[in-house]
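Order-wise, the sequence lines are chains A and B.
Note that our numbering gives residue 157 to position 157 of the first sequence, counting from 1, and the numbers run on in steps of one.
Positions in the second sequence are counted from 1; adding 1000 to them yields our numbering.
For each residue, glycine too, the CB sits at the ideal point set by N, CA and C.
Protein chains: 2
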Amino acid sequence: MGVNHGDGARRRTRVGGDDGRGMTSDERPAGTTREIELLWGRRETPRRGPKPKLSRAAVVEAAVAVADAEGLDAVSMQRVARELGFTTMSLYRHVDSKEDLLVFMQDAAMSQHPAGPRDDGDWRAGTEEWCHGALAQYRRHPWAAYVPQSGPPSGPNGLRWMEAGLREIAASGLDAPESLQILLLLTYSLRDLFRMEQDIARAARERGVPLDNEGDEWVRGLRGVLDPEEYPTLLWTLDQGTFAEEPPGYREEDGAMGGLGFAIQRILDGVDAYVRSTGRDRAGD
Amino acid sequence: MGVNHGDGARRRTRVGGDDGRGMTSDERPAGTTREIELLWGRRETPRRGPKPKLSRAAVVEAAVAVADAEGLDAVSMQRVARELGFTTMSLYRHVDSKEDLLVFMQDAAMSQHPAGPRDDGDWRAGTEEWCHGALAQYRRHPWAAYVPQSGPPSGPNGLRWMEAGLREIAASGLDAPESLQILLLLTYSLRDLFRMEQDIARAARERGVPLDNEGDEWVRGLRGVLDPEEYPTLLWTLDQGTFAEEPPGYREEDGAMGGLGFAIQRILDGVDAYVRSTGRDRAGD
DNA sequence: AGAAACTGTGTATGTCATAAACGTATTAGT
DNA sequence: ACTAATACGTTTATGACATACACAGTTTCT
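Right, here's the structure in full:
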């Protein structure tokens, strides 16, 4: 749906490696397997042509640099190529399509390793730490939260984080399917709460001043248009300086997660409740 | 006149309404206020030219139809215009930009009213119902979850849903900032859990068969590449038919929410815990 | 009547992803 | 060492796309 655009590319089964006849064509991997092999650098190296001046790593690095500096929208094939001093089309020798490039970029954005396992068996603390770490990645590369998702992570870095998250959650005693479900919940929530934070920040930046009531264009506009009969609760909310404040329930410990602490704590509370309900909680007591 | 029609940008402060000198220019609304006025149809009607054959409503409707049928990516100005039998540029008479059109579309996608208030004071049931309703909207117009967000909703429909959600949550006794925070959490979570569901479904569709282990390309690919030393938990998870099953903790009552029931229940559990922790729970007891 | 405001249209610009064909450097197989 | 295969980076071209700009016709206000 909205997610992946590129259609012509990459969907059809390739006959071989690069030019359409690279491999012996009987053992060609198709679809996702191919993507995984690419991501993991499991490629044959019987290079016959001239020694490449460019490399996939260089392309991805340049793309990441552009995204870091100017956001994901600034990443175009032309732009990345210019940055490298090559032609646009040269990139296609090292990357199948832009979609491909984005996949590589995303994995590259998670190159920092998650924290190692903790042995005290406190799954909640471990999971919180994991969330914190994942969030830190996003803060380093905010665009990464906006890369269109195409299935579960397949790259070494993404999987390393998955592994670490599962480990923390499974420490609660949940079984594999449950742990995975929780991990998915956390992963998506983090990504999207982060996006929420960014969106709100951007919205605030785009209108003039910071988010306070009265001064805020949005609030003022709404007031002029909302019928108190129909939107009483909303107006009640607007009437208190809702948008100016620190989120409620803000706790110092969550500070590291910024305004997201509140939301994340709520979600973890929910997970906690679930763990307890299964009566398999290994921690705490 | 050299300086004329809608100069597209919309970002910079306009001198007046539509064309640059529509209004008395001392009370010109700028930025978001303008957008809100547009969304609410609060426009002057001193139409002087020929009677329009096209209308904003028609444009939005056509765009929604295209998105419903072929996804958000199929929505281009050219496509919508063709659908209507007009030129591409004609659309710009009724919509400032594509971004604008998307805002209208999004509000249009939420045209169905939320359920009315319930008087039994059971905030959790009410909130669950609200989630269910919101999800139903998404199922009707999946693309709506992929429209790039630009700030809080400003249209009548979006705000109606906000109002309804706030009402349900506030029934728990939380104060305004808290309720709003929770509403934001729910709104974003819903949107994104829905997206997760869609993404997973699409991923399954794109590889061959449904999501089962062994048969799944992704799982097979990973197995070939994951070092058991480094990814033990992940492999443990893979080893159980994790992806084949119904999500754990699946309950009949959540059926209406599809596979998202589990995640939503976890989040509501977290909210519940928070409400209880404030000691202001009006419901239940 | 004439000016002003607004309609839909035609044309043009610039950006984007990417296909196709090309010359060239390198190396595997002879 | 010679040749054919093949990978490399480039050139050129195509077809979307959003949207600026200028125009000609239409309606209404003065």
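Cα-Cα separation, residue i to residue j
{"i": "B/P1142", "j": "B/V1064", "result": "11 Å"}
{"i": "A/T87", "j": "A/S76", "result": "12 Å"}
{"i": "B/V1219", "j": "B/D1100", "result": "42 Å"}
{"i": "B/L1054", "j": "A/V66", "result": "42 Å"}
{"i": "A/T237", "j": "B/R1266", "result": "26 Å"}
{"i": "A/G347", "j": "A/R56", "result": "No information on residue 347 of chain A is available, as it lies outside the stretch 1 to 285 that chain A covers here."}
{"i": "A/A69", "j": "B/G1279", "result": "46 Å"}
{"i": "A/M196", "j": "B/A1164", "result": "21 Å"}
{"i": "B/V1059", "j": "B/D1107", "result": "14 Å"}
{"i": "A/L166", "j": "B/A1062", "result": "45 Å"}
{"i": "B/R1171", "j": "B/G1121", "result": "In the sequence as presented, Arg is not what sits at residue 1171 of chain B; that position holds Ala. Whole-angstrom Cα-Cα distance: 6 Å."}
{"i": "B/L1193", "j": "B/A1263", "result": "8 Å"}
{"i": "B/Q1078", "j": "B/F1104", "result": "17 Å"}
{"i": "A/G116", "j": "A/L183", "result": "17 Å"}
{"i": "B/L1190", "j": "B/Q1149", "result": "14 Å"}
{"i": "B/S1090", "j": "B/D1119", "result": "49 Å"}
{"i": "B/E1229", "j": "B/L1159", "result": "51 Å"}
{"i": "B/A1009", "j": "B/T1187", "result": "Reliability of the predicted coordinates at B/A1009 is poor, the pLDDT of 32 falling under 50, and no value is obtained from them."}
{"i": "B/Q1181", "j": "A/I200", "result": "13 Å"}
{"i": "B/H1094", "j": "B/K1051", "result": "13 Å"}
{"i": "B/L1102", "j": "A/R276", "result": "44 Å"}
{"i": "A/E168", "j": "A/R140", "result": "23 Å"}
{"i": "A/Y92", "j": "B/L1226", "result": "28 Å"}
{"i": "B/V1080", "j": "B/R1205", "result": "28 Å"}
{"i": "A/W130", "j": "A/G173", "result": "17 Å"}
{"i": "B/G1085", "j": "B/R1202", "result": "32 Å"}
{"i": "B/E1037", "j": "A/G224", "result": "9 Å"}
{"i": "A/E83", "j": "A/R47", "result": "26 Å"}
{"i": "B/G1151", "j": "A/G49", "result": "51 Å"}
{"i": "B/Y1138", "j": "B/E1217", "result": "29 Å"}
{"i": "A/Q198", "j": "B/A1109", "result": "24 Å"}
{"i": "B/L1185", "j": "A/E178", "result": "22 Å"}
{"i": "B/R1127", "j": "A/T127", "result": "The sequence given here places Thr at residue 1127 of chain B; Arg does not occur at that position. Going by the C-alpha atoms only, they are around 27 Å apart."}
{"i": "B/A1144", "j": "B/K1098", "result": "15 Å"}
{"i": "B/Y1231", "j": "A/D96", "result": "28 Å"}
{"i": "B/Y1274", "j": "A/Y274", "result": "15 Å"}
{"i": "A/A74", "j": "B/A1074", "result": "22 Å"}
Residue i, enclosing alpha helix (DSSP H) - first and last residue
{"i": "A/P232", "result": "P232 to D239"}
{"i": "A/Q288", "result": "The question about residue 288 of chain A has no answer here: the residues shown for chain A are numbered 1 through 285."}
{"i": "A/S277", "result": "G261 to T278"}
{"i": "B/L1084", "result": "M1077 to L1084"}
{"i": "A/A62", "result": "R56 to E70"}
{"i": "B/L1222", "result": "E1217 to R1223"}
Distance between beta carbons of residue j and residue i, contact taken as under 8 Å
{"i": "A/D272", "j": "A/R124", "result": "6 Å"}
{"i": "A/L154", "j": "A/E35", "result": "Per the sequence presented here, residue 154 of chain A reads as Ser, with Leu not at that position. Yes, A/S154 and A/E35 are in contact; Cβ-Cβ is about 6 Å, under 8 Å."}
{"i": "B/L1222", "j": "B/V1147", "result": "Going by Cβ atoms, the distance from B/L1222 to B/V1147 rounds to 33 Å, so no, they are not a contact pair."}
{"i": "B/M1257", "j": "B/H1113", "result": "At roughly 19 Å, the Cβ-Cβ gap does not stay under 8 Å, so B/M1257 and B/H1113 are not in contact."}
{"i": "A/D269", "j": "B/D1269", "result": "7 Å"}
{"i": "B/L1135", "j": "A/M162", "result": "About 26 Å separates the two Cβ atoms, so there is no contact after all."}
{"i": "A/L260", "j": "A/P156", "result": "Actually they are not in contact, since the Cβ atoms of A/L260 and A/P156 sit about 27 Å apart, beyond 8 Å."}
4-residue-minimum alpha helix (DSSP H) runs that sit fully inside the segment 1121-1206 of chain B, ordered along the chain: Within the segment 1121-1206 of chain B, the complete alpha helix (DSSP H) runs of at least 4 residues are 1123-1140, 1156-1170 and 1176-1206.
Residues, ordered as in the chain, of the segment 1185-1206 of chain B that lie near chain A by beta-carbon distance below 8 Å: Those residues of the segment 1185-1206 of chain B placed with their C-beta closer than 8 Å to a C-beta in chain A are L1185, Y1188, S1189, R1191, D1192, L1193, R1195, M1196, Q1198, D1199, I1200, R1202, A1203 and E1206, ordered along the chain.
Contacting positions in the segment 1058-1079 of chain B - beta carbon closer than 7 Å to chain A: So the list reads G1071, L1072 and D1073, given in the order they occur along the chain.
Positions along the segment 1097-1120 of chain B whose CB lies within less than 7 Å of some CB in chain A: Listed by position, the residues of the segment 1097-1120 of chain B near chain A (Cβ gap below 7 Å) amount to none.
Chain A contacts from the segment 1157-1175 of chain B (Cβ-Cβ distance under 7 Å): Taking 7 Å as the Cβ-Cβ cut-off against chain A, the residues of the segment 1157-1175 of chain B that qualify are L1159, M1162, E1163, L1166, R1167 and A1170.
Contact set between the segment 1269-1281 of chain B and chain A, restricted to residues whose Cβ is under 9 Å from the partner: For the segment 1269-1281 of chain B, the set of residues with a beta-carbon nearer than 9 Å to any beta-carbon of chain A comprises D1269, G1270, V1271, D1272, A1273, Y1274, S1277 and T1278, in chain order.
Near-chain B residues of the segment 221-240 of chain A - C-beta to any C-beta below 8 Å: Listed by position along the chain: G221, L222, G224, V225, L226, E230, Y231, P232, T233, L234, W236, T237, D239 and Q240.
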